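A.B. asks: Can you read through this structure? Questions will come right after.
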Amino acid sequence: MRVFRRFSTRISLYVILLTAALFLTASVTVYKINYDSVRKEAVTNAFSQLRALNLEMENVLSSVASAIDNMVPRTEIMAVENRDTSDFLLLLKDILRNTPQLKDIAIALEPYYYRHQKQFAAYSINEGDTIKSMMLTDPLYTYPYYDWYVIPRCTDSTYWTDPYIDRVWGHLSMCSYTAPLHDGDGKFIGVICASIETQWLTSKIDNIRLYDHSYNFIIGKAAGYIVHPDNSLIINETIFSYALQTGNTALAEAGRRMIAGETGMSELSINGSPGIIFFTSVPSNNWSIAAICPESDIFAGAYRTLLIMLVIALLSIIIMAVTVSLTVRKATAPLATLAASADRIAEGDFNSAMPHFHGEDEIGRLCRSFSSMQQSLSSYMDRLQRTTAAKQRIESELSIAREIQMGMVPKTFPPYPERDDIDIYAVLYPAKEIGGDLYDFFIKDGHLFFAIGDVSGKGVPASLLMAVTRSHFRSVASALKDPVRIIESMNRALADTNEANMFVTIFCGILDLSSGALAYSNAGHNPPLLLSSQGEVTMMNPDPNLPIGLFKDFGYTGGKITIQAGTTLLLYTDGLTEAENPDSRLYGEQRLTETLEAMKGKSAQDIVLGIYTDAQDHVQSAVQSDDMTIMAIQYRGTDTVSGPDRRILTLSNKVSELEKLTLFIDDVCKSAGVDSATAMSINLAMEEAVSNIIFYAYPGGETEHTITVRYARKDHELHFDIYDRGVPFDPTARAEADVSLSAEERKIGGLGIFLVKQIMDCVEYERRGDENILKLTKII
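According to UniProt numbering, the sequence shown holds residues 1 to 780 in order.
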């Protein structure tokens, strides 16, 4: 439309729209302030009313508890002294007279506490004008199996029951306070139980009405309804069952907070409309009081205020539209001159003089804007440079955090080069710079303690919880030898401080390296796979349990199996099986099993790296969406050579290290009682074998490597096993040197191995994974 091509029209429209936006913003702001004020007032009022009711309930409950607690010592004395039943009934009457809040009271003793009586239950009830007392002798009244008797007996502590229908009178809704009784030796002998009616709670609740359509209710510590406007829910339903029936998940979440003893509020739906629930706990008996209020009632005043402000804003905008239109049209008339000059420049007259406007209006500012553009651009570049530097600093800090995190998990492999009964290898690849996966292991008292876990979420929060979990595992596992107790201890520690509601799936195990017995406990983690020495793959079937960090008192379970020598235990996180390729297909447990089956006879390192390589082949160019951790524990069984005399020597692949070897062999031979001539020959053979490794196992020779010498004595046999990770070389497979030939005729090489074979009684070679193992035996 041509009318909108005019600058005056557009500027008028902009001003009007801006004014409308300001009015709308002001209206919304005032509404928001009013809304927040009303909400704050509603919260204050709700909690004030709930606290008042709470205080009144506390007074009643505390007075009842105090009266019963004061009665316990006297009752215990009477029971021990074998008083007559009339004394007990008289005592109960006195308490009912002095405690008007009580409806009834009973003293129940252990079956056959008095040998002539199977059950002893003295009972009194306040019926208003009179107090009736009696002995409950009905054999069908099996009080030893009721909650008010069983729970104090088991916990040896006082206990408030949730409401129930009294089984003696059959029509009263009661809640009871029970206290255990003991004899002079501290042995449990019975309980004293006092009850109050819940009707007074209903009347108190009905007197509190926060809003026209609000209602209040009370639930017990087991989440059952105690007081509710709908009487059919009382005793028959819990807040969770009602929430399930109505599909109200927000009510269920509020219920979880209520039975946890919290005081607070949350939003929920009331018959499809938004509402707020306010709740607080009753400390004496762990009940919880709540009030549910519709938002339409709470914010009715705020809605009316918003409507009035919108009407006023609309009228103001209409008046301003007329005023602004006339004013802008007059103020923008000089722009016609500037437009004519601009047209001449557009036609090619670049020398055309531009009109000069020295004022402070829009035209003057436009002329000066070009001169300030360069300064603005310079400022922009400076800001861009600072932003880039800040980004690089953050990336550097994340890189350092990654190095710190990776330093917390074992990364030296093999971790125990001196042992041949276990082989371990693991990798951890975070999806981001830092992640939430973890693994750990250590050996203590002949047992391998290990764990693998996955923290919910990713990034910095997950990495922090990962560090805490790994630290807990180290400290707890060092003191406990039961995976179940380790998991439960870690769960309690995390749940106590888990305000972010994060959790950790973790598998913990303890492997007896002498027998292969494996004790384990699983907390919601992927079950491990077992690869037998025959190449058969099976999946462990542990109880899944819940992840740790969610419920402090959750009872975890575990299991035990025995694994045979040559078995490999593969542990992993779901980042492996859920790794997706560009077509969104998962790597999956089936492919993992097939890949593992092909790893028969390979070392732990070859298995882990082989699986990871296969997973990367599957993922291809897809971005890793989750942390990936793989750990293989290969149990090789107990050493073939055993004996009380064992020693280990670790050398570098340097000629200067041979002096250490000589001292080591001399000390070994001396302790074994070997004569000097034999010791010298053993030294010669060992020096020749180790020299072979130093000179030929590592081509290039620039990098330092480790050579491990393990010694063990068995009866009259001295066993020397030499480990290295150099190029594969079997010295026993080489043809022996022909010593009958002259030095000029004989081929170079082979004489050293010939010497070793001549000195030692047995020379064997084994290639295990990426290790060369040369086994030398000398019989003395």
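Note that CB positions come from ideal geometry on N, CA and C, so glycine has one too. Please read all numbers here as calculations on a predicted model, not as lab measurements.
Taking buried to mean at least 16 other C-beta atoms within 10 Å of its own C-beta, is threonine 198 buried or exposed?
C.D. replies: Locating residue 198 in the sequence shown gives position 198, where the first residue counts as 1. Looking at its Cβ environment, which holds 16 or more other Cβ atoms inside 10 Å, threonine 198 is buried.
A.B. asks: Output the residue ranges of the beta strand (DSSP E) runs that lie fully inside the segment 152-206 and measure 3 residues or longer, sorted by chain position.
C.D. replies: 173-182 and 188-197
A.B. asks: My guess is that arginine 153 and proline 111 are in contact by the Cβ rule of under 8 Å, so how many angstroms apart are they, rounded?
C.D. replies: Translated into positions along the sequence shown, residue 153 becomes position 153. Translated into positions along the sequence shown, residue 111 becomes position 111. No, arginine 153 and proline 111 are not in contact; Cβ-Cβ is about 11 Å, not under 8 Å.
A.B. asks: Out of curiosity, what's the CA-to-CA distance linking aspartate 715 and arginine 647?
C.D. replies: In the sequence shown, residue 715 corresponds to position 715, counting from 1. In the sequence shown, residue 647 corresponds to position 647, counting from 1. Looking at the two C-alpha atoms, the distance is approximately 16 Å.
A.B. asks: How should glycine 224 be labelled, buried or exposed, when 16 other C-beta atoms within 10 angstroms of its C-beta is the threshold for buried?
C.D. replies: As a position in the sequence shown, residue 224 is number 224, starting the count at 1. Buried is the call here.
A.B. asks: Which residues in the same chain as serine 603 place their Cβ atom closer than 8 Å to its Cβ, once the five residues preceding and following it in sequence are excluded?
C.D. replies: Here residue 603 refers to the residue found at position 603 of the sequence shown. If we look at serine 603 and ignore the five residues flanking it on each side, its Cβ neighbours are Asp423, Tyr425, Gln634, Arg768, Gly769, Asp770 and Glu771.
A.B. asks: For leucine 494, tell me which candidate among Ser133, Phe551 and Ala615 has the shortest Cα-Cα distance.
C.D. replies: As a position in the sequence shown, residue 494 is number 494, starting the count at 1. It is Phe551 whose Cα lies nearest to the Cα of leucine 494.
A.B. asks: Beta-carbon separation of valine 427 and tyrosine 612 under 8 Å?
C.D. replies: Here residue 427 is taken as the residue at index 427 of the sequence shown, counted from 1. Here residue 612 is taken as the residue at index 612 of the sequence shown, counted from 1. Going by C-beta atoms, valine 427 is nearer than 8 Å to tyrosine 612.
A.B. asks: Report buried or exposed for alanine 743, applying the criterion of at least 16 other Cβ atoms within 10 angstroms of its Cβ.
C.D. replies: What you label residue 743 is simply residue 743 of the sequence shown in a count that begins at 1. Confidence at alanine 743 is low in this model, with a pLDDT of 39, below 50, so the placement of that residue should be treated as unreliable; the coordinate-derived value is given next. It counts as exposed.
A.B. asks: Among Met686, Tyr159, Glu418 and Ile548, whose alpha-carbon lies nearest the alpha-carbon of glutamate 657?
C.D. replies: Reading the sequence shown from its first residue, position 657 is the one you call residue 657. Ranking Met686, Tyr159, Glu418 and Ile548 by Cα distance to glutamate 657 puts Met686 first.
A.B. asks: Measure the C-alpha to C-alpha separation of glycine 436 and glycine 509 and round it to an integer number of angstroms.
C.D. replies: Your numbering for residue 436 matches position 436 in the sequence shown. Your numbering for residue 509 matches position 509 in the sequence shown. The straight-line gap from Cα to Cα measures roughly 20 Å.
A.B. asks: Determine, using beta-carbon pairs with one atom in the segment 265-274 and one in the segment 22-39, whether at least three such pairs fall under 8 Å.
C.D. replies: no
A.B. asks: Would you call the CB atoms of leucine 569 and alanine 615 closer than 8 Å?
C.D. replies: Your numbering for residue 569 matches position 569 in the sequence shown. Your numbering for residue 615 matches position 615 in the sequence shown. No, the pair does not count as a contact, with Cβ atoms beyond the cut-off.
A.B. asks: Report the rounded CA-to-CA distance for leucine 776 versus threonine 562, giving the unit in angstroms.
C.D. replies: Along the sequence shown, one-based indexing puts residue 776 at 776. Along the sequence shown, one-based indexing puts residue 562 at 562. C-alpha separation (whole angstroms): 32 Å.
A.B. asks: Only counting the same chain, and skipping five residues up and downstream in sequence, which positions put a Cβ closer than 8 Å to that of tyrosine 765?
C.D. replies: Taking the sequence shown and counting its residues from 1, one reaches residue 765 at position 765. If you ignore the 5 residues before and after tyrosine 765, its C-beta comes within less than 8 Å of the C-beta of Asp730, Pro731, Thr732, Ala733, Asn772, Ile773, Leu774 and Lys775, all in its own chain and listed in chain order.
A.B. asks: Taking a contact to mean a Cβ-Cβ separation below 8 Å, would you say isoleucine 192 touches threonine 178 in this structure?
C.D. replies: Position 192 of the sequence shown, counted from the first residue, corresponds to residue 192. Position 178 of the sequence shown, counted from the first residue, corresponds to residue 178. Yes; because the gap between Cβ atoms is below 8 Å, this pair is in contact.
A.B. asks: To which residues of the same chain is arginine 710 closer than 6 Å at the C-beta, ignoring the five residues directly before and after it?
C.D. replies: Against the sequence shown, residue 710 aligns to sequence position 710. So the list reads Ile648 and Asp721, once near-sequence residues are dropped.
A.B. asks: Just to confirm, are glycine 524 and proline 547 a CB contact at a threshold of 8 Å?
C.D. replies: For this step, residue 524 is matched to residue 524 along the sequence shown. For this step, residue 547 is matched to residue 547 along the sequence shown. Going by C-beta atoms, glycine 524 is nearer than 8 Å to proline 547.
A.B. asks: Which ranges does the alpha helix (DSSP H) cover as unbroken runs of at least 4 residues, wholly within the segment 574-646, from first to last along the chain?
C.D. replies: 574-577, 588-597 and 604-619
A.B. asks: What span of residues does the beta strand (DSSP E) with histidine 472 cover, start to end?
C.D. replies: In the sequence shown, the residue the question calls residue 472 occupies position 472. That residue, histidine 472, is in no beta strand (DSSP E); its alpha helix (DSSP H) goes 459-477.
A.B. asks: Compute the Euclidean distance between the alpha carbons of leucine 684 and valine 756, then round it to the nearest angstrom.
C.D. replies: Counting from one through the sequence shown, the residue named residue 684 turns up at place 684. Counting from one through the sequence shown, the residue named residue 756 turns up at place 756. Between the alpha carbons of leucine 684 and valine 756 lies a gap of roughly 8 Å.
A.B. asks: Does the distance from the CB of alanine 46 to the CB of alanine 291 come in under 8 Å?
C.D. replies: Position 46 of the sequence shown, counted from the start, is the residue given in the question as residue 46. Position 291 of the sequence shown, counted from the start, is the residue given in the question as residue 291. Going by C-beta atoms, alanine 46 is nearer than 8 Å to alanine 291.
A.B. asks: Hey, arginine 490 and phenylalanine 473 are a contact pair by Cβ (cut 8 Å); roughly how many whole angstroms apart?
C.D. replies: Locating residue 490 in the sequence shown gives position 490, counting from the first residue. Locating residue 473 in the sequence shown gives position 473, counting from the first residue. One point to set straight first is that residue 490 is methionine, not arginine, in the sequence displayed. Indeed they touch by this definition, with Cβ atoms about 6 Å apart.
A.B. asks: Within 10 angstroms of the Cβ of lysine 411, are there 16 or more other Cβ atoms? Answer buried if so, exposed if not.
C.D. replies: Counting from 1 along the sequence shown, the entry for residue 411 is found at position 411. Under this definition lysine 411 is an exposed residue.
A.B. asks: Going by DSSP in three states, threonine 19 sits in which element: helix, strand or coil?
C.D. replies: As a first step, residue 19 is located in the sequence shown; it is residue number 19 there, counting from the start. Correct three-state label for threonine 19: helix.
A.B. asks: Should the segment 650-668 be called in touch with the segment 441-457, which here means at least 3 C-beta pairs below 8 Å?
C.D. replies: Contact fails: fewer than three Cβ-Cβ distances are below 8 Å.
A.B. asks: Using only alpha-carbon positions, find the residue among Asn692, Tyr149 and Asp724 that is nearest to isoleucine 753.
C.D. replies: Locating residue 753 in the sequence shown gives position 753, where the first residue counts as 1. The residue with the shortest Cα to Cα distance from isoleucine 753 is Asn692.
A.B. asks: Closest to residue 784 by C-alpha separation, out of Ala632, Thr263 and Ala517, would be which residue?
C.D. replies: A question about residue 784 goes unanswered here, because the residues of the chain that appear run from 1 up to 780.
A.B. asks: The beta strand (DSSP E) that contains glutamate 764, what's its start and end?
C.D. replies: By one-based count along the sequence shown, residue 764 stands at place 764. Its beta strand (DSSP E) spans residues 762-768.
A.B. asks: Measuring CA to CA, which of Val468, Pro483 and Tyr520 is closest to threonine 497?
C.D. replies: The residue given as residue 497 occupies position 497 in the sequence shown. Comparing Cα-Cα distances from threonine 497 to each of Val468, Pro483 and Tyr520, the minimum goes to Val468.
A.B. asks: Which first and last residues belong to the beta strand (DSSP E) in which aspartate 454 is found?
C.D. replies: Position 454 of the sequence shown holds residue 454. Boundaries of the beta strand (DSSP E) harbouring aspartate 454: 447-455, taken from the DSSP string.
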